[in-house]
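Undergrad: Before we start, here is the structure in question, set down as structure tokens.
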Amino acid sequence: MEFSHNDNNNLPLSKFESMLKTNHVLFFDSEEFENIIHHYLNQGKIALAKKAIKLGLDQHPTSINLRLFKVEVYVFEDKLSEAEDLLNQLHSIDPMNEEIYIQKANILSKKDNHEKAIDVLKKAIDLTDDLVDLYSLIGMEYLFLDQYEDAKMYFMKCLEEDIEDYSALYNVIYCFEFLNQNEDAISYLNVFLDKNPYCEVAWHQLGKQYVVLKKHQKALTAFDFAIISDDSFVGAYLERGKVLEQLKRYEEAIENYSITLKLDEPTSFALLRIGSCYEKLGNNELAVQYYYQTVHEDPLLDKGWIAITKFYNKKKNYQKALYYINKAINIDSENVNYWKLYSQINQRLNFYEEAERGFKRTLELGNYELNTWLSRGDLLIKLGELEAAIYNFEQAAEFYPENAELEYRLAGLYFSLNENNKGKFHLKNGLKYNEEYTFIIEELFPEVSNKILVKNIIRQSL
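Count along the sequence shown starting at 1, add 58, and that's the number in our numbering.
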């Protein structure tokens, strides 16, 4: 039982808290203690729960339920051996108590012994009328073992016992999705909806399965039924908006996203999508207005800052684009795509040192695309950092051996440093791999391309 401030159920709680303040011990029956302890555990007030357990056991030393609360606290505090000892005592007193089995399974689960936990929970099935909780616990243990078929079966059992157990429904669909059984999920949901036709959660999940299979019209129909079942279901409007966006029906998508803003507190996701739709419709003024609302609503949403960055980047307003990409990087400095965009914007502003730093950070974060190595190396050449450029291209060659673009660059660099033997080696490699890339020498190293030695090597190859 949960205490409510609107009825008399909270009287034992008030009486208990008053007793703690006065140190005057009052009597409570064991059920009142159970409700008080349950309340404190739900509130996360472990210290008060422990006080209630102690006082409860002082007054009712034989109460098994109060001692089971003590077990629960032991488990919470990771005192598993104490919990096991107490459970063994309780089992010898009341071997038919299903809660003892549940707590034993909980301890086994915490020890990652999920198979034994399942065995213990299955033994408790014959001891209780409340099968839903047990089936759910077994299902979760199977999830820990990555045994999704078995988990799915037990979550389905939950729904057979209680058709409104939407937590179990979500878990069933999660298992279907993990197993890539989208068609099977659709079949299951259709059967479920025959029994419970106004279940907005099932319609919503059905729509999401159709989206995965790119059956957009069927998805829209499912989301429509979710909304008919509950016209305040924000999730259905959001999903419907996303499908309409994919179908390039931007005005309708905006309408659905806008409904969510009226039904609940504005979400940064909906504001961002509305901005994106307006941008695709060519309404730049409203687009940027919604992008600004997005970051106002959630200043830590890097996607909002990125949307504004890309907006100004397209408009060639690189100063503003740079300002906003820095905002995004401050929120998520490990995002490779942000650093690449940062580098590209700095390049357009001719801020070569900053652009090179961005590409270097991109590589440090594990993005080893050839274009990143090339872009960084070319910037180092522009900055006159020839040794650093060589090191960059040699690192790249480990990932992209026999690459003509890298070889011509290394040739040009070595010739620039008057290391002609190394220059000849790389130039011949470049010509061997692809003769058409000789323009790289002319573009990046015009002085080198005019050297007689270089011209002769190229002429002999051609």
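Using N, Cα and C, we set each Cβ at its ideal position, and we do this for glycine too.
Mind the definition here: the segment 368–375 touches the segment 386–394 only if three or more C-beta pairs lie below 8 angstroms; say whether that holds.
TA: Result no; under three Cβ-Cβ pairs closer than 8 angstroms.
Undergrad: Could I get the ranges of all uninterrupted alpha helix (DSSP H) runs contained in the segment 355–423, with 4 residues as the minimum, in chain order?
TA: For the segment 355–423, whole alpha helix (DSSP H) runs of length 4 or above, ordered along the chain, are 360–372, 376–389, 394–406 and 410–422.
Undergrad: From H187 to K103, what distance separates their C-alpha atoms?
TA: Numbered from its first residue, the sequence shown carries residue 187 at position 129. Numbered from its first residue, the sequence shown carries residue 103 at position 45. Residue identity check: residue 187 is Asp in the sequence provided, not His. If you take the alpha carbons of D187 and K103, they lie about 30 angstroms apart.
Undergrad: Classify K128 as buried or exposed, calling it buried when 16 or more other Cβ atoms lie within 10 Å of its own Cβ.
TA: Here the question's residue 128 lines up with position 70 in the sequence shown. So K128 counts as buried.
Undergrad: Considering only the beta carbon of each residue, do L189 and I183 sit closer than 8 angstroms?
TA: The residue you call residue 189 lines up with position 131 of the sequence shown. The residue you call residue 183 lines up with position 125 of the sequence shown. Going by C-beta atoms, L189 is nearer than 8 angstroms to I183.
Undergrad: Quick check on K210: buried or exposed, where buried means 16 or more other Cβ atoms within 10 Å of its Cβ?
TA: One-based indexing of the sequence shown puts residue 210 at position 152. Classification of K210: buried, given that the 10 Å Cβ count is 16 or more.
Undergrad: Roughly how many angstroms separate the alpha carbons of L69 and I221, rounded to a whole number?
TA: Within the sequence shown, residue 69 is the residue found at index 11, counting from 1. Within the sequence shown, residue 221 is the residue found at index 163, counting from 1. Distance between the alpha carbons of L69 and I221 is about 35 angstroms.
Undergrad: Should K112 go down as buried or exposed, given a rule of 16 or more other Cβ atoms within 10 Å for buried?
TA: Position 54 of the sequence shown holds residue 112. That one is exposed.
Undergrad: How close, in whole Å, do the beta carbons of I122 and A107 come, if the pair is a contact with beta carbons under 8 angstroms?
TA: Within the sequence shown, the letter at position 64 stands for residue 122. Within the sequence shown, the letter at position 49 stands for residue 107. Not quite, the Cβ-Cβ distance comes to about 17 angstroms (not below 8 angstroms), so this is no contact.
Undergrad: Which two residues bound the contiguous alpha helix (DSSP H) that contains I221?
TA: Residue mapping note: residue 221 aligns to position 163 of the sequence shown, counting from 1. Neither: I221 is in no alpha helix (DSSP H) and is coded neither H nor E.
Undergrad: For R307, does the three-state DSSP call read helix, strand or coil?
TA: For this step, residue 307 is matched to residue 249 along the sequence shown. Looking at R307 - three-state DSSP - the assignment turns out to be coil, as it is neither helix nor strand.
Undergrad: With distances taken Cα to Cα, identify the nearest neighbour of E199 among L185, L471, D170 and S287.
TA: Taking the sequence shown and counting its residues from 1, one reaches residue 199 at position 141. Nearest C-alpha to E199: D170.
Undergrad: In whole angstroms, give me the CA-to-CA distance for N534 and K368.
TA: No statement about residue 534 is possible, as the shown extent of the chain runs from 59 to 520 and does not include it.
Undergrad: How big is the Cα-Cα spacing for S62 and P119?
TA: By 1-based counting over the sequence shown, the position of residue 62 is 4. By 1-based counting over the sequence shown, the position of residue 119 is 61. Legend: pLDDT at S62 = 45, less than 50; position of this residue unreliable, no value from coordinates given.
Undergrad: Which residues in the same chain as N404 place their Cβ atom closer than 6 angstroms to its Cβ, once the five residues preceding and following it in sequence are excluded?
TA: Reading the sequence shown from its first residue, position 346 is the one you call residue 404. Result list for N404: E412 and A413, in chain order.
Undergrad: Quick one, which of E309, G470 and Q402 has its alpha-carbon nearest T496's?
TA: Counting from 1 along the sequence shown, the entry for residue 496 is found at position 438. Answer by Cα proximity: G470.
Undergrad: Among residues of its own chain, excluding the 5 on either side of Y539, which ones have a beta-carbon nearer than 8 angstroms to its beta-carbon?
TA: No information on residue 539 is available, as it lies outside the stretch 59 to 520 that the chain covers here.
Undergrad: Measure the alpha-carbon distance for N248 versus L321 and round it to whole angstroms.
TA: Position 190 of the sequence shown holds residue 248. Position 263 of the sequence shown holds residue 321. Distance between the alpha carbons of N248 and L321: 28 angstroms.
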